[in-house]
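**Student:**
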Amino acid sequence: MCKRTDPVPVTIALDSLSWLLLRLPCTTLCQALHAVSHQDSCPGDSSSVGKVSVLGLLHEELHGPGPVGALSSLAQTEVTLGGTTGQASAHILCRRPRQRPTDQTQWFSILPDFSLDLQEGLSVESQPYSDPHIPPVDPTTHLTFNLHLSKKEREARDSLILPFQFSSEKQQALLRPRPGQATSHIFYEPDAYDDLDQEDPDDDLDI
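176 is the number that the UniProt record's numbering gives to position 176 of the sequence shown; each next residue is one higher, with no gaps.
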């Protein structure tokens, strides 16, 4: 790769990532794939290298969800094959920078000469990606209150008088003195220190 003189795109095909993953630590393999796919120039060589793409095949049934998820996070395009020879499907997940992931499903069949017969009518249009392994979250679960009230519960709620709500009768009863109750008066004489300004305690500033 370092001996190229023209910066044309380069694609590196790995026929089995599973073979490497069974012999190398997952972190080592992920770091190597990341370094290769982001290699723009070679040390000691002034000629630039074109875009490097890595194409790898992984048998996910041989590995746990941890390594599969780590390799999946590195991929910009992930194709999951399924079905049979006569009716196969390719689930394509595309991750683009600063955009939401999109996925689509393409159905096809493999002909005897190993060519592909794409079935356009069964293709699913691109749509926002949702992880099938993560169940949808119901926001109404584990609530500390009831969202739906019965008729009796609504009537009881409407007839309830809160502590800070006073009817006119209750207000008059509280303000009206009861018979025999002593009345009192409050007299207030302003003090000079009541108008003390914290910013001008000497009162010598003409503002």
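All C-beta atoms in this analysis are idealised placements derived from N, C-alpha and C, irrespective of residue type, glycine included. Keep in mind the model is a prediction, meaning the values are calculated, not measured.
Using the beta-carbon count (16 or more within 10 Å), is residue 174 buried or exposed?
**Tutor:** Answer is exposed; the Cβ neighbour count stays below 16.
**Student:** By the 10 Å Cβ neighbour count, where 16 or more other Cβ atoms means buried, how is residue 71 classified, buried or exposed?
**Tutor:** By the 10 Å Cβ count, residue 71 comes out buried.
**Student:** Using the beta-carbon count (16 or more within 10 Å), is residue 116 buried or exposed?
**Tutor:** Residue 116 comes out exposed.
**Student:** Is residue 163 buried or exposed, if buried means 16 or more other CB atoms sit within 10 Å of its CB?
**Tutor:** Exposed.
**Student:** Compute the Euclidean distance between the alpha carbons of residue 161 and residue 155, then round it to the nearest angstrom.
**Tutor:** Roughly 12 Å separates the two Cα atoms.
**Student:** Any contact of the stretch 13-25 with the stretch 58-66, i.e. 3+ C-beta pairs under 8 Å?
**Tutor:** Because the criterion of three Cβ pairs below 8 Å is met, the stretch 13-25 and the stretch 58-66 touch.
**Student:** CA-CA distance, residue 74 and residue 120?
**Tutor:** Their Cα atoms are separated by approximately 29 Å.
**Student:** Could you check which residue in 158, 108, 183 and 29 has the C-alpha nearest to that of residue 89?
**Tutor:** Comparing Cα-Cα distances from residue 89 to each of 158, 108, 183 and 29, the minimum goes to 108.
**Student:** Tell me which same chain residues have a C-beta within less than 8 Å of the C-beta of residue 149, skipping the five on either side of it?
**Tutor:** Taken in chain order, the residues that qualify are 157.
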